[in-house]
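Below: the structure, in structure tokens.
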Amino acid sequence: MTMSRRELMKLSLAGGVALGLPVQRAFAGEDNLSDRLPDSALPQPYTVPFRRVPALRPVQSDATTDYYRLAMHPVVAEVIAGYRTPMWGYNGLVPGPTIRQRRGRASVVRCVNQLPAEHPTLDYVPWTSLHLHGSASLPQYDGYASDITMPGQWKDYRYPNTQQARTLWYHDHGVHHTAQNVYMGLAGQYHLLDRRERRLPIPKGWYDVALTVGDMMFKQDGSLLFHTDGEDGFYGDVIAVNGRAWPAMRVARRRYRFRILNASVSRAYAWYLSDGTPLQVIGTDGGLMPAPATVDRLPHAPGERYEVVIDFSRYPPGARVELRNKHPRNTTRYRHTDKVMAFDVTDAPFRRRHDQVPSRLRPRTPAMTWREDDSVATRAFDFGRQGGEWAINETTWRDVVDSGFTAVLASPLTDTFEVWELNNLHGGWHHPAHIHFVDLRILSRNGGPPHPHERGAKDVVFLGENESVRVLVGFEGGHGRYMMHCHDLVHEDHDMMAQFEILDPAGDAYDPFDDPPRHDPEDEW
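Counting from 1, position 96 in the sequence shown corresponds to residue 100 in this note's numbering; the numbering is continuous, with no gaps.
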């Protein structure tokens with residue numbers, strides 16, 4: 005007798021397992037806060053050097069495609085000095101290596117699950133599903149949460165890379181364990197590049213820097229501590245940038261471009277510079293904005309990416325300026341969670357090319373040229389609690405599973421536009437709403453205009469408490485089922501996830517299970 009992967013997932017979510025897999029709960033366990041490493045044992049901020057994340061080279065290339073391999077396996081990291089922390093990495097790195105790809109050139113990313121049969125402390129099987137967040141991928145390569153790769157399996161993910169230049173990121177999306185897997189280290193940046201961006205005089209090369217930010221908490225033995233406070237969220241007491249706690253970066257007296265990814269499980273931030281100098285925002289989730297925005301404080305929800313330029317020429321050699329966090333509402337504060345990283349200004353020589361930010365960046369960004377009048381429908385989606393679970397329109401991922409993965413909240417037509425109203429009708433928490441596959445344009449927030457830093461293409465919308473945001477969504481070229489969910493990964497894992505289906509009258513939809521993972525050994529390319 006054979007069993008489909010749909011049937012396997014339904015059995016697993018019901019608490020049982022098939023095909024000889026270990027029995028596990030649908031949700032993983034938690035650690036006890038009493039074992040937390042005390043503040044006195046944590047390092048002082050800005051005492052370790054900043055580390056750049058290396059780029060991943062293709063295994064091979066042909067005329068149209070580059071082929072990459074990402075192996076997930078246990079690693080030992082030194083996030084805080086003097087402690088060896090067991091984590092999981094892509095190719096041995098936390099965060100994973102940066103993939104840099106040209107627009108129009110396809111990628112095949114082989115994702116190999118070499119993780120142990122069970123998490124060492126949290127009592128779950130580390131199945132995985134690779135999601136390239138921000139990519140217009142086919143459903144079977146989108147990281148569908150229930151399209152899981154078990155330990156000992158691998159899958160090739162295919163990405164067309166047809167969108168405009170942008171900062172994407174790849175991360176695990178395995179159903180019910182996304183929070184733990186990302187927290188363990190399974191995340192990395194992916195930069196899509198194009199000619200239009202290359203022609204601009206904005207910082208490039210050495211001065212184009214990826215910052216992956218996440219908060220962590222540690223046990224007294226240096227291992228990670230994971231506690232969700234009754235499924236409300238996870239808030240660590242250590243802020244790590246590129247896998248190091250509160251690092252200090254040496255910079256030259258010129259402009260730098262920082263691609264900031266909030267890879268935290270739950271924590272939102274509000275960035276500002278310690279001397280009060282404004283931040284210059286040039287890019288959002290979907291790439292460069294039509295024009296830069298200058299802000300004193302930059303709110304940043306989990307899953308969002310912002311590209312920020314800081315001009316260090318205004319500071320004398322020897323100056324230190326800090327990137328700080330002014331805690332948004334409903335985020336737990338600890339002694340040093342208001343600190344992120346420091347920039348130490350030097351008199352080192354530097355290249356003077358690509359040291360400007362023009363007043364016009366990408367005025368024809370597709371999402372920002374869409375008109376509300378082009379919308380063919382308006383839909384509302386409420387993010388809240390239902391029967392003790394996090395839900396969207398009173399629907400959970402369990403409802404999707406119980407339907408045989410057919411239940412959808414919306415069925416838009418391909419190549420159309422719709423207005424979606426995203427609502428957080430409650431106080432006490434925020435919801436970063438992520439819609440897979442699409443770019444979107446924020447039309448209004450609580451009836452007023454979007455914030456200046458939101459005036460670019462987006463795929464995550466920060467819903468603060470009691471907020472309502474109207475967005476214009478484009479479904480260009482899509483057909484098949486895609487997820488929408490809260491990017492507070494604890495909320496997502498505890499079922500604040502549903503799906504929509506893009507319908508193509510001219511053809512059949514792709515199925516998220518169309519290209520299942522394979523068992524070792526790996527095939528040749």
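Think of the CB as a built atom: it goes at the ideal place given N, C-alpha and C, for glycine as much as any other residue.
Next item on the list: In the DSSP assignment, find the unbroken alpha helix (DSSP H) run with Thr373 in it and report its ends.
Entry: Pro370 to Thr373
Notebook entry, point to check: What separation, rounded to the nearest whole angstrom, lies between the Cα atoms of Pro58 and Met345?
Noted result: 19 angstroms
Notebook entry, point to check: Per DSSP, Val242 is paired with what?
Noted result: Met220
Next item on the list: State the Cα-Cα distance for the pair Gln118 and Pro90, rounded to the nearest angstrom.
Entry: 15 angstroms
Margin query: Does the structure place the region 371–378 close enough to the region 455–466 that three or more beta carbon pairs sit under 8 angstroms?
Written below: yes
Check: Do the region 108–127 and the region 253–263 touch if we need at least three Cβ pairs shorter than 8 angstroms?
Finding: no
Check: Helix, strand or coil: how does DSSP classify Trp210 here?
Finding: helix
Notebook entry, point to check: Where Pro509 and Gly482 are concerned, what is the direct C-alpha to C-alpha distance, given to the nearest angstrom?
Noted result: 11 angstroms
Item checked: Cβ separation of Tyr239 and Ser270, assumed to be a contact under 8 angstroms, to the nearest whole Å -> 6 angstroms
Note to self: With a threshold of 8 angstroms on Cβ separation, who are the neighbours of Ile264 within its own chain once the five nearest residues in sequence on each side are excluded?
What the structure shows: Leu215, Val217, Trp275, His304, Arg309, Tyr310, Glu311 and Val312
Next item on the list: Take Gly93 and list the residues in its own chain whose beta-carbon comes closer than 6 angstroms to its own, dropping the five residues that flank it on each side.
Entry: Val79 and Gly189
Item checked: Burial state of Leu229 (16 or more Cβ within 10 Å) -> buried
Check: Based on the DSSP output, what are the partners of His175 in its beta bridges?
Finding: His135 and Ala191
Next item on the list: Would you mind reading off the limits of the beta strand (DSSP E) that contains Arg259?
Entry: Arg259 to Asn266
Next item on the list: State the CB to CB distance for the pair Arg474 and Glu425, rounded to an integer number of angstroms; the pair is presumed to be in contact (CB under 8 angstroms).
Entry: 5 angstroms
Notebook entry, point to check: Does the beta-carbon distance from Trp131 to Pro155 come in below 9 angstroms?
Noted result: yes
Check: Using the C-alpha atoms, what's the distance from Phe466 back to Gln28?
Finding: Note that Gln28 scores a pLDDT of 40, beneath 50, so its modelled location is shaky and nothing firm can be said.
Notebook entry, point to check: If we count the other Cβ atoms within 10 Å of its Cβ and call it buried at 16 or more, is Leu429 buried or exposed?
Noted result: exposed
Margin query: Can you check which of these residues, Asp342, Thr68 and Asp315, is closest to Pro207 by C-alpha distance?
Written below: Asp315
Note to self: Whole angstroms are fine: how far does the CA of Ala414 sit from the CA of Gln168?
What the structure shows: 26 angstroms
Next item on the list: Excluding the 5 residues preceding and the 5 following Pro332 in the sequence, name in chain order all residues of the same chain whose CB lies nearer than 8 angstroms to its CB.
Entry: Ala272, Tyr273, Ala274, Pro303, His434 and Gly468
Item checked: 3-residue-minimum beta strand (DSSP E) runs that sit fully inside the region 344–408, ordered along the chain -> 379–390 and 393–396
Item checked: Trp401 versus Glu235: straight-line alpha-carbon distance, rounded -> 16 angstroms
Check: What beta strand (DSSP E) runs, 3 residues minimum, are completely inside the region 435–464?
Finding: 435–439 and 444–449
Next item on the list: Report yes or no: do the region 138–146 and the region 499–517 share at least 3 C-beta pairs separated by less than 8 angstroms?
Entry: yes
Checklist line | Phe286 to Leu444 span [Cα, whole Å] | finding: This sequence places Ile at residue 286; Phe is not what is there. If I take the Cα positions, the gap works out to 17 angstroms.
Next item on the list: Give me the Cα-Cα distance between Arg254 and Glu201, rounded to the nearest whole angstrom.
Entry: 26 angstroms
Notebook entry, point to check: Hey, quick one: how far does the beta strand (DSSP E) through Val423 stretch, first residue to last?
Noted result: Phe421 to Asn428
Notebook entry, point to check: Nearest to Pro453 by CA position, among Arg324, Val442, Ser472 and Ile439, is which residue?
Noted result: Ser472
Note to self: Is the separation between the beta-carbon of Gln184 and that of His123 shorter than 9 angstroms?
What the structure shows: yes
Notebook entry, point to check: To which residues of the same chain is Tyr211 closer than 6 angstroms at the C-beta, ignoring the five residues directly before and after it?
Noted result: Tyr260
Next item on the list: Kindly indicate which residue of Gly86, Asp151, Lys159 and Leu41 has the alpha-carbon position closest to the one of Tyr72.
Entry: Lys159
Checklist line | Identity of the residues DSSP links to His523 by a beta bridge | finding: Gln157
Next item on the list: Rounded to whole angstroms, what's the CA-CA distance from Glu82 to Thr102? Just pull it up for me.
Entry: 20 angstroms
Check: At what residues does the alpha helix (DSSP H) containing His304 begin and finish?
Finding: Premise fails: His304 lies in the beta strand (DSSP E), Leu302 to His304, not in any alpha helix (DSSP H).
Next item on the list: To the nearest angstrom, report how far apart Pro416 and Met487 are at their CA atoms.
Entry: 13 angstroms
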